[in-house]
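So the sequence lines, in the order shown, correspond to chains W and V. Mapped onto our numbering, the consecutive letters of the first sequence carry residue numbers 1 to 336. Mapped onto our numbering, the consecutive letters of the second sequence carry residue numbers 1001 to 1336. Just so you know, even glycine gets a beta-carbon here, dropped at the ideal spot from N, CA and C. If you're wondering where the values come from, they're calculated on a predicted model, not measured in any experiment. Worksheet for the structure shown next.
2 protein chains.
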Amino acid sequence: MSLGTVSNVLNNPEVVALPTRQRVLEAIDRTGFVRSTAAHQLRVGKSRTVGVVLLDIANPFFAEMVRGAEGVLRDNGYVLMVCSTDESIERERRYLRVLEEHRVDGLLITPVEHDLREVAELAGRGIPTVLLDRDGGEQELCSATVDDIRGGELAAGHLFELGHQAIAFVNGPSSIRQCADRREGAQRALRRARRRSPATLREMTVNALSVDQGEKAAIGLLSLTPRPSAVMCANDQLALGVLKSLSEAGVAVPDEMAVVGYDDVSFASMLSPALTSVRQPKYELGAIAAELLLEEALGSNHKHRSVRFEPELVVRASSGATRRGAGRAGQPRPVP
Amino acid sequence: MSLGTVSNVLNNPEVVALPTRQRVLEAIDRTGFVRSTAAHQLRVGKSRTVGVVLLDIANPFFAEMVRGAEGVLRDNGYVLMVCSTDESIERERRYLRVLEEHRVDGLLITPVEHDLREVAELAGRGIPTVLLDRDGGEQELCSATVDDIRGGELAAGHLFELGHQAIAFVNGPSSIRQCADRREGAQRALRRARRRSPATLREMTVNALSVDQGEKAAIGLLSLTPRPSAVMCANDQLALGVLKSLSEAGVAVPDEMAVVGYDDVSFASMLSPALTSVRQPKYELGAIAAELLLEEALGSNHKHRSVRFEPELVVRASSGATRRGAGRAGQPRPVP
DNA sequence: CCGGAGAAATGAATCGTTTCAAATAAGGCG
DNA sequence: CGCCTTATTTGAAACGATTCATTTCTCCGG
């Protein structure tokens, strides 16, 4: 019963004779032996570990993506090392260093900075890397993203199709890629709507995607002339603030003002009126990212791939679609 | 320039002469050397890794605890291996096995099962272990918990002090420890209230802590005679459902019915009326757990400790405290 | 100029696995 | 019964860092 045999029992059971195998197994659980991944790694070169670097695991968006990734990676024997950077490039660097020392077999990352050179360099040093909710830009990297342009188009398009002609767009700073993309999509919807009837999109930029910025924006929005009959928000927090202000101002939603949000956070459906919103397939995003990673880690001749998901419009009461007849495009109706 | 010297440069710089040290450092970043944690671990016995096993990282309660733990562990050079069990004992076992193979330096865990023997056994095998939001019971284990009895008492006590005499308690099954504790606390508040005036607590048990169970419960609640003037819920999801039903039934909150929730989830403050709720110090819970872990891992003569946090009542509009005069205990007023 | 003390550098052993060439055992066949 | 083939088992080397007993280098006093 030598070390070599024990190793074979664990890794190539078929190569060792049954009686020996049993004797070894018996000894293993008699002594409570647990193999050491570290030694295994040292010899074989795989750590059975994947680094996940994101802005904040307490943010449900990331947490759900992580669940998606965890599902597929767990089934392949990997454990996740989860690292929150809080958007600090310093912290990101430290974590990446540590993960490299741990020789993670792969890396899922939402980088802090727009400039991806550091990440690309790491990937170049042989760590399979997939970008989460960021696209590779110039760099040759795998990525899993959601089409925010399309999302913006869905939200705005929905309102235009319901017959609204003047809609407001409460958006964050366009330095945030997501905000810029959603605006782009909204404008696309606007151009389309204009082919049928006059339509306007009034953008109001706020400096944070928060509830109280939403409240303020809504107040400003009510004093616009002509007053828009619908408002789309760059995320659900803003929408929540807007709903709050409107309710305080006695403006009926959706009758006097239709509202759509973005993200479809867990409580969007619990509000009254329930919030129409654009859902991002977070779980799937993480799962696909993990699959790309496996492909890159295991596949011999890997070609970098980018997967882009379509967001989905979840229609609820706040946009008034049910009453007005959702999706009946091209039949604009007068707004009260 | 031998291996030994390189190692010394990295670990005991003061022992190697300046010129050599610099030569080594230069060589290190010329060749892009990154030390291997695995080899380090093999020799030294520390993996610089902590396992975090919880029910679901996508649940904000756990995610925030993890952030608390991550903060303190990161500063001590540890990386977190996060594992979601989804309450499956099988999955928990597999993860624990893998973490043991990785030789994690510590373990933070919210066990799936009530029976802690397996966990205690693991701890007995030398892995420093701290229970998260579970107390050790019979077993000798460190733990960080929140006093749910106290929380229940706070919530119910608040309503009684506001002058309510008949309050309903929408609670989950008492097989869930948290639910049982909160009920215990509520009854404690009830006994206290009875010393001053007649008071009743009517418990309604639902089988899940979800929004729609809350909606159903609220409907039942309205047909009770005498109709309670206040309702406390075992968590915010239930409270949300209750608010929804009440709003649909045209019952004014808080004037005709006061409502308090439990957990103080992120959107509790965003509802209208904003929800009075009991906040658990999630971040602190994780941070303390991590500190206990470090203490146990590093300290020579460690004594097991349990830290129990006090929850905090966050008073907002839904309980009508502002109008009625919060905290003026002993001055019961008639309820409309 | 020599011996010795202290500083600095070296290299072999070690941690726990896996791998693989070599040794050994077990049959099968003439 | 002895040789050859195939099935098992063995043991040493290797992975990359750390440790520590030794060796080598420096410098100083006698």
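Taking a beta-carbon distance threshold of 8 Å, leucine 1080 of chain V counts as an interface residue toward chain W. Here the alpha carbon of valine 1211 of chain V sits roughly 11 Å from the alpha carbon of alanine 1218 of chain V. Within chain V, no C-beta atom comes less than 7 Å from the C-beta of methionine 1 of chain W; the nearest is roughly 21 Å away. When 8 Å is used as the limit between beta carbons, lysine 1244 of chain V is near these residues of chain W: Met270, Ser272, in chain order. With its beta carbon less than 8 Å from one in chain W, phenylalanine 1267 of chain V belongs to the interface. Taken in chain order, the unbroken stretches of beta strand (DSSP E) that lie wholly in the segment 111-199 of chain W and span 3 residues or more are 129-132, 142-146, 166-171. With contacts defined as CB atoms closer than 8 Å, aspartate 147 of chain W and arginine 305 of chain W fail to qualify as a contacting pair. A straight-line Cα-Cα distance of about 24 Å links alanine 168 of chain W and glutamate 310 of chain W. Among the bridge pairs identified by DSSP, glycine 261 of chain W is matched with none.
Going by beta carbons, arginine 1150 of chain V and serine 1143 of chain V fall outside the 8 Å limit. Contact between the segment 1124-1138 of chain V and the segment 1158-1174 of chain V is absent, with fewer than three C-beta pairs closer than 8 Å. Arginine 74 of chain W has its alpha-carbon roughly 46 Å from the corresponding atom of arginine 191 of chain W. Spanning the alpha carbons of proline 1013 of chain V and serine 1007 of chain V requires a straight line of approximately 9 Å. Between the segment 60-71 of chain W and the segment 282-291 of chain W there are three or more C-beta pairs closer than 8 Å, enough to call the two in contact.
Taking the beta carbon of glutamate 1064 of chain V as reference, the chain W residues within 7 Å of it are Ala58, listed in sequence order.
When C-beta atoms of the segment 1033-1048 of chain V are compared with those of the segment 1269-1276 of chain V, fewer than three pairs fall below 8 Å, so the two segments do not count as touching.
Against chain V, the beta carbon of glutamine 41 of chain W has neighbours under 7 Å at Ala1038, listed in chain order.
Alanine 1239 of chain V and glycine 45 of chain W have their alpha carbons spaced roughly 52 Å apart. Among the residues of the segment 1011-1040 of chain V, those with a Cβ less than 9 Å away from any Cβ of chain W are Gly1032, Val1034, Arg1035, Ser1036, Thr1037, Ala1038, Ala1039, His1040, in the order of the chain.
With fewer than 16 other Cβ atoms inside 10 Å of its own Cβ, threonine 225 of chain W counts as exposed. Contact fails between the segment 1262-1272 of chain V and the segment 1110-1118 of chain V, because fewer than three Cβ pairs, one in each stretch, are under 8 Å apart. For isoleucine 1109 of chain V, there is no enclosing alpha helix (DSSP H); the residue is found in the beta strand (DSSP E) stretching over 1106-1109. For valine 259 of chain W against glycine 214 of chain W, the beta-carbon gap comes to about 10 Å, at or over 8 Å, which does not count as contact.
For leucine 240 of chain W, the neighbours in chain V by C-beta distance under 8 Å run, in chain order, Phe1267, Met1270. Interface with chain V (8 Å Cβ-Cβ cutoff): serine 47 of chain W is included. If you draw a straight line from the Cα of methionine 1081 of chain V to the Cα of threonine 1049 of chain V, it comes to about 7 Å. Interface criterion met: the Cβ of glutamate 101 of chain W is under 8 Å from a Cβ in chain V. Note: alanine 252 of chain W is not bridge-paired with any residue in the DSSP secondary-structure output. For phenylalanine 33 of chain W, no beta strand (DSSP E) encloses it, and the DSSP letter there is neither H nor E. In this model, glutamine 237 of chain W and serine 300 of chain W are separated by some 44 Å (Cα to Cα). Nearest to valine 1231 of chain V by alpha-carbon distance, out of V:Leu1108, V:Val1098, V:Gly1152, is V:Gly1152. Under the 8 Å criterion on CB atoms, valine 211 of chain W is classed as interfacial with respect to chain V. Within the segment 1217-1235 of chain V, no residue has a Cβ lying closer than 7 Å to any Cβ of chain W. The beta-carbon distance between leucine 1107 of chain V and leucine 1141 of chain V, rounded to whole angstroms, is 10 Å. This is too long to meet the 8 Å contact definition.
Assignment of beta-bridge partners to methionine 270 of chain W by DSSP yields no partner. Membership of valine 52 of chain W in any alpha helix (DSSP H) is not indicated; the residue belongs instead to the beta strand (DSSP E) covering 49-54.
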